[in-house]
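Chains as they are written, first to last, in my numbering: chain A, 1 to 146; chain B, 1001 to 1146; chain C, 2001 to 2146; chain D, 3001 to 3146. The beta carbon of each residue, even a glycine, is placed where N, CA and C say it ideally should be.
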Ligand SMILES: [Zn+2]
Ligand SMILES: [Zn+2]
Ligand SMILES: [Zn+2]
Ligand SMILES: [Zn+2]
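Set out below in structure tokens:
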């Protein structure tokens, strides 16, 4: 019942391990409606790993994605600063990119951290959270206005 | 109780009118929790206008944004092809950009149509739905896979 | 492009017409992922009718239900007081009951109004919005606390 | 970084400890928009504890509740059968009841398990997940139909 911590420093992030963890996390996916398992692996600033999977619902809008599962797990354990998240699906021909709602969740915790969108062969594309939501609706906008 | 149709052809879209409609739509916003009214105005391919506003909820995740309100209105009246959507807030210093979840809703209906992010002075930035979600998780990916 | 208004007064609500409208609204459903069309028909306090359908998304959590589509349409046109909503699916053996998220959306606008859960043969069960969410998390709780 | 397991069997669930855990979990809440921390504590069938808190977003609909945070944590660690969940807020005068969307998430994993809605003084009301969503839209309905 304990999370495994990948040995790493922030200057030496083992990307391949992170991506592998995201693919392993697909095994937990609860996706009876889409049959489309998604996994995610999130590394906090202090090097703690949290994995996530999609958790669907008969009422589709109540479903949750793998990336947000990983984020809320980490936040609920006291983390709000992140290094990187890896995303995995079974699509051979497309890198696993987060949906817009997940991108919105990512930038809530900063724009300048890394998103690894992978394929089952562990190849990947890397972009920052901010690059994935150009002109993003960031928390400062709402807070500055109120 | 009827929607007003702006006179236009797809080659002659009156952008200023569209943006004005999005600002007028803020008046309907139900936002007792954020006090942050948002308006949207959507033009379908055949030139029909639908406006939307944010509709919040005491349970924040059950809230809905202005852009998605406009989209579901249009879809529920039989439209699935869109020319453009304008988005409006009261922020003087930031263009009103859609949240990630709304961007995801926009690309469900195509990547190559226009999003006008405006300020109260009616100045705006224009990007396509697809540009707002680079490497977006588009419907073809899910459908091709299944 | 205009909504049709059913002739009625609040003392003489034609329930069968409302339920029929909810079944007709299924025709607009955008549900390529579930193939489960849902329709809704909402009557405001002043007798205006709004219909809704489910509008799904490749990213399932970004989908929206028929009931909420109808509600946000009405709110975005200036209505916040409702008499009744009818819900329709193609299930022969079950009354079409709203998901929990929709029930939460309904009680945002009052607990004491009617929800008609129907079958394709137009038979129905009626409950109030409040009865569908016993001990519901209503707006007054959040507002009183803040 | 490991979850603590409360010593218990399913016949001897220590409710007071569970409710205390739900109140402690409020400390992790990320709620800069509502300033309304919510905590949850979930016990799986095999006696493992997962806590959750609300995780809000500048785009309100992208927020997530404490109860669903706890559920997706458990599912992503391989659990799909639950004994009970406790919910906690700082409201002195109201028992902390789940929103409709969370109730929908609860019944995805069964209707016959316990929800403890508490106050800061640890007093509570107990209802089952199914009782909280009468005539609920349960997974069997969608699956049987498709
Ligand atoms: Zn997502
Ligand atoms: Zn939005
Ligand atoms: Zn619903
Ligand atoms: Zn909730």
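### Query
In terms of alpha-carbon separation, which member of D/3023, D/3076, D/3031 lies closest to residue 37 of chain A?
D/3076
### Message
What I want to know is whether the C-beta of residue 2067 of chain C ends up closer than 8 Å to one or more non-hydrogen atoms of ligand 3.
### Response
yes
### 7 Å CB neighbourhood of residue 3073 of chain D in its chain, flanking five on each side removed
3050, 3052
### Query
Can residue 2062 of chain C and residue 101 of chain A be called in contact, C-beta distance under 9 Å?
Against a cut-off of 9 Å, the Cβ pair of residue 101 of chain A and residue 2062 of chain C comes out as a contact.
### Task
Check the Cβ of residue 2064 of chain C against every Cβ in chain A and list those closer than 7 Å, keeping chain order.
61
### Query
Whose Cβ in chain D lies nearer than 7 Å to the Cβ of residue 2094 of chain C?
Near residue 2094 of chain C (Cβ distances below 7 Å), the residues of chain D are 3141.
### Query
Any idea what DSSP makes of residue 2017 of chain C, helix, strand or coil?
Correct three-state label for residue 2017 of chain C: helix.
### Query
Alpha carbon to alpha carbon, what distance is there between residue 1019 of chain B and residue 2005 of chain C?
Only weak support is given to the placement of residue 2005 of chain C: the predicted model assigns it a pLDDT of 45, under 50, and the value that follows is read from those uncertain coordinates. For residue 2005 of chain C and residue 1019 of chain B, the distance between alpha carbons rounds to 29 Å.
### Query
Comparing alpha-carbon positions, which option in A/64, A/47, A/35, A/82 lies nearest residue 128 of chain A?
If we check each option's Cα against that of residue 128 of chain A, A/82 comes out closest.
### Task
Give a single yes or no on whether residue 3148 of chain D has its beta carbon closer than 8 Å to a heavy atom of ligand 4.
An answer regarding residue 3148 of chain D cannot be provided, because it is not within the stretch 3001 to 3146 covered by chain D.
### Query
Out of D/3142, D/3096, D/3117, which has the shortest C-alpha to C-alpha gap to residue 2092 of chain C?
D/3142
### Inter-residue Cα distance where the pair is residue 3044 of chain D and residue 1096 of chain B
43 Å
### Query
Ordered along the chain, which non-local residues of its own chain (more than five positions away) have a Cβ less than 8 Å from that of residue 9 of chain A?
Residue placement at residue 9 of chain A cannot be trusted, given a pLDDT of 43 that sits under 50; what the coordinates show is reported in the next sentence. Answer for residue 9 of chain A: 47, listed in chain order.
### Task
Return yes when at least one heavy atom of ligand 2 lies under 8 Å from the C-beta of residue 2032 of chain C, else no.
no
### Whole-angstrom distance between residue 86 of chain A and residue 147 of chain A, CA atom to CA atom
In the structure as shown, chain A begins at 1 and stops at 146. Residue 147 of chain A is therefore absent and cannot be evaluated.
### Task
Tell me, please, whether the CB atom of residue 3024 of chain D is closer than 9 Å to any CB atom in chain B?
Chain B, which has no Cβ nearer than 9 Å to the Cβ of residue 3024 of chain D, makes this no.
### Query
From this set, A/21, A/123, A/126, A/56, which residue's C-alpha is nearest residue 39 of chain A's C-alpha?
Out of A/21, A/123, A/126, A/56, A/21 has the C-alpha closest to the C-alpha of residue 39 of chain A.
### Query
Quick one: is residue 3026 of chain D buried, meaning 16 or more other Cβ sit within 10 Å of its Cβ, or exposed?
buried
#### Entry: Pick from C/2042, C/2080, C/2098, C/2126 that is closest to residue 60 of chain A, judged by C-alpha positions
The residue with the shortest Cα to Cα distance from residue 60 of chain A is C/2098.
### Task
Determine, using beta carbons only, whether residue 3133 of chain D and residue 2103 of chain C come nearer to each other than 9 Å.
yes
### Task
Measure the alpha-carbon distance for residue 3041 of chain D versus residue 3070 of chain D and round it to whole angstroms.
7 Å
### Task
Determine which residues share a DSSP beta bridge with residue 2055 of chain C and list them.
Residue 2055 of chain C has C/2030, C/2064 as its beta-bridge partners, per DSSP.
### Query
In terms of DSSP beta bridges, what is residue 1114 of chain B paired with?
B/1084, B/1128
### Task
May I ask you to report which of helix, strand or coil DSSP gives residue 2142 of chain C?
helix
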